[in-house]
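Colleague:
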Amino acid sequence: MPSQSNRKNIRFSLLDGAILVLLAGMTGYFFFKAASGLNYHWKWEIIPQYLLRFDSNAGEWRLGLLSQGLVTTLRLSIWSTLLAMLVGVAMGLFRVSPSLFKRLISSTYVGLIRNTPPLVLIFIFYFFIGDQIMTALHIDDFVYSISDKTKSSLAFFFGPMNRFPQFLSAVITLTLFEAAYIAEIVRAGIESIENGQWEASTALGMRRSQSLRYIILPQALQRMLPALAGQFISIIKDSAIVSVISIEELTFQGQQLMTTTYRSFEVWTTVLVMYFILTFLCSLAVRKLELTLRRD
Amino acid sequence: MKTLRTAALLVFFCLSALILGLNQTATAAEKSQLETILKRGTIKVGFDTFKPWAMKDKNGEYIGFEIEVARKLAKDMGVKVEFVPTKWSGIIPALLTGKFDIIIGGMSITPQRNLKVNFSIPYEFSGMNIVASKSKAGDRTTLQDFNTPGTTIAVRLGTTAAEAAKNFLPKAKKLYFDEESQTIQELLNNRVHALVASNPLPFTLAQEYEGQLYLPLENDFTKEPISFAVRKGEHDFLNWLDNWVRVNMSKGWLQNRYDYWFFTSEWENLIQ
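For the protein sequence lines, the chains are A and B, in the order given.
Going by the numbering used here, the first sequence runs without a break in its numbering and finishes at 368.
Going by the numbering used here, the second sequence runs without a break in its numbering and finishes at 1280.
Take a look at the structure:
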């Protein structure tokens, strides 16, 4: 792509100006209406303390409620992304496997998950299936048996350990849900590689697993990357849904805050901006990665 | 290949049977809930944020009437307390599936709820009231004024306010919301005539938006018993709770704390 010529030819036409003015006008009108049209007492000054607050007892700065929520959102997203990647790639490879059994397993899984709303899935998983798994694995007893010291160090990775079973439920549901989409991305990526590549690698005497590893996947990965990036950003946004099972992530903290302070607009706006910053940073990072992987 | 597949399936079924079997024995071996709590050394309390029943202060700690009740209860029991915030609409399923031991969340007794959970004797009473929009609802002064087909009422889903609205205002149109803040916003935006909620919310709202909202009724139109809820069949636990309420009521502790959270605003600077 001729990125240098782009830089030279930045021209500002009349149309651009008109569009900018129109946009500014619309934004201005929106804020004017929000400020005057709604019967609402704006109180923006209460928000900063929920982002960062000074703890006078401990004498140091601490994360506010909303920032704590953001950290939980991050934890949720990172774990779900890692697990979803594992499950998704495995299921995606199953989708293109020559074995009918594997293909049936993965197409059932993908079909089942893609055609159910995540909200319903989360409720069912949390109340019925999650409960069975937690009891069977004795997660609860495990959490109570570990020492306080281990608890606080594990809390860095999983959040407060006494809420660990709920957290695990949320991570598993998010994983199952997102992995179905990743599986489809992986399948599409592999199927997009020309048949000739398969034939050529077979002609070189490679086994199926070898051709996948050395020939097909490296090419497919590059094609899959933009779609995968979109999916990872989706995970961050979809994590908001686990607020319904009371995981204390950003949306949940926001809702709690609104119930006690009755400041819905300020809190929702702040939450929106926080999500945006998080996902936008991710988009930038992925864009960077795409450019590095480009082979020209 | 075929034998391998059969073997894999067999292992899978055996594992699932094992998991289910373990579950069965686990529930059978469970003793009374009171014993379990004492042995664990922690009581898990389910609740949802309701001002001033339970809310988060600026430091991220829970405060409020229910929170104080739960802390005292745990102290008298000699165990630690662990708070499990739960969305109101899912709070009973969460109790039934063992996410916590007890609901201390300003829950009023209703026959429907009582079919699913057991209630202790009431430790407090809460009243429903209406707060209405001046411009939209005019100067109505009785409950009957609001019971017309042209009236729209906002209530929070799954609360007794929703039931009270259903019973006392059957003709009015009701809009249900998941969060209290949404009902308030609807009222402030003049999309509904009034909202029904338990005190002191209508009172505080009428105060804050004095020019816009008013209290049509002088007194609460219901008086509902507030109780602890536990899973069914927990008679030992219930007996303990009932007597805890009797003792703390006779000492005046419950009334004292109720007055502090509901009729003073000394704690208001703790939350914003």
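We put the beta carbon where it would ideally sit given N, CA and C, even for glycine.
Keep in mind the model is a prediction, meaning the values are calculated, not measured.
(1) Can you find a CB in chain B that lies within less than 9 Å of the CB of F199/A?
(2) Do L1165/B and S1097/B have their C-beta atoms closer together than 9 Å?
(3) Given A252/A, which residues of its chain have a CB within under 6 Å of its CB, disregarding the five upstream and five downstream residues?
(4) Are there 16 or more other CB atoms within 10 angstroms of the CB of T332/A, so buried, or fewer, so exposed?
(5) With H, G and I counted as helix, E and B as strand and the rest as coil, what does DSSP make of D17/A?
(6) From A1036/B to H210/A, what distance separates their C-alpha atoms?
(7) Tell me which same chain residues have a C-beta within less than 8 Å of the C-beta of L972/B, skipping the five on either side of it?
(8) Closest to S1273/B by C-alpha separation, out of W1248/B, V1238/B, T1212/B, would be which residue?
(9) Could you check if S283/A is buried or exposed, using at least 16 other CB atoms within 10 Å of its CB as the buried criterion?
(10) According to DSSP, which residues form a beta bridge with A1237/B?
(11) Apply the 10 Å Cβ neighbour rule to K1047/B and answer buried if 16 or more other Cβ atoms are within range, or exposed otherwise.
(12) Using a Cβ-Cβ cut-off of 9 Å, state whether G231/A counts as contacting chain B.
(13) Residues of chain B with a CB under 7 Å from the CB of M330/A: which are they?
(14) Once DSSP output is grouped into helix, strand and coil, what is the label at I82/A?
(15) For a contact defined as C-beta to C-beta under 7 Å, what are the partners of T1048/B on chain A?
(16) Listed from N- to C-terminal order along the chain, which residues in the region 1063-1093 of chain B have their beta-carbon within a distance smaller than 8 Å of any beta-carbon of chain A?
(17) Can you check which of these residues, E1043/B, A1170/B, D1147/B, E1090/B, is closest to F1055/B by C-alpha distance?
(18) Going along chain B in order, which residues have a C-beta closer than 8 Å to the C-beta of V316/A?
(19) With DSSP collapsed to three states, give me the class of G1054/B.
(20) With 16 other CB atoms within 10 Å as the buried threshold, where does Q325/A fall?
(21) Are the C-beta atoms of L137/A and some chain B residue less than 9 Å apart?
(22) Use the C-beta contact count for G202/A: other C-beta atoms within 10 angstroms, 16 or more gives buried, fewer gives exposed.
(23) Given a threshold of 16 other Cβ atoms within 10 Å of its Cβ, counted over all protein chains shown, does A1034/B qualify as buried or as exposed?
(24) Roughly how many angstroms lie between the CA atoms of P1178/B and F126/A, to the nearest whole one?
(25) For chain A, is any of its Cβ atoms less than 9 Å away from the one on E1218/B?
(26) Are any of the Cβ atoms in chain A nearer than 9 Å to that of P1208/B?
Modeller: Put simply:
(1) Cβ-Cβ to chain B under 9 Å: yes for F199/A.
(2) In this structure, S1097/B lies closer than 9 Å to L1165/B by Cβ.
(3) Once the five neighbours on either side are set aside, the close Cβ partners of A252/A are V182, I185, R186.
(4) With 16 or more other Cβ atoms within 10 Å, it is buried.
(5) The shown model of chain A, from 73 to 368, leaves out residue 17/A, and the question about it has no answer.
(6) Bear in mind that the predicted position of A1036/B carries a pLDDT of just 43, short of 50, making it unreliable; the figure below should be weighed with that in mind. For A1036/B and H210/A, the distance between alpha carbons rounds to 15 Å.
(7) Past the edges of chain B, shown from 1009 to 1280, lies residue 972/B, and the structure says nothing about it.
(8) It is T1212/B whose Cα lies nearest to the Cα of S1273/B.
(9) In the assembly as shown, S283/A is a buried residue. Its beta-carbon has 16 or more other beta-carbons within 10 Å.
(10) Beta-bridge pairing links A1237/B to I1111/B, F1127/B.
(11) It is exposed - the Cβ of K1047/B has fewer than 16 other Cβ atoms within 10 Å.
(12) So, not an interface residue.
(13) Here the neighbours are E1187, S1189.
(14) I82/A: coil per DSSP, three-state reduction.
(15) Just to set this straight, residue 1048/B is Arg in the shown sequence, not Thr. Per Cβ cutoff of 7 Å: Y216.
(16) Taking 8 Å as the upper bound on Cβ-Cβ separation, chain A lies near residues M1063, K1064, K1066, N1067, G1068, E1090, V1092, P1093 of the region 1063-1093 of chain B.
(17) Ranked by how close their Cα comes to the Cα of F1055/B, the residues E1043/B, A1170/B, D1147/B, E1090/B have E1090/B in first place.
(18) The contacting residues are K1095, G1098.
(19) The three-state reading of DSSP puts G1054/B in strand, counting E and B together.
(20) It is buried - the Cβ of Q325/A has at least 16 other Cβ atoms within 10 Å.
(21) Closer than 9 Å: yes.
(22) Classification of G202/A: buried, given that the 10 Å Cβ count is 16 or more.
(23) With a pLDDT of 49 at A1034/B, under the threshold of 50, the modelled position of that residue is not reliable, and no figure is offered here.
(24) Looking at the two C-alpha atoms, the distance is approximately 50 Å.
(25) At a cut-off of 9 Å between beta-carbon atoms, E1218/B makes no contact with chain A.
(26) At a cut-off of 9 Å between C-beta atoms, P1208/B does not count as an interface residue with respect to chain A.
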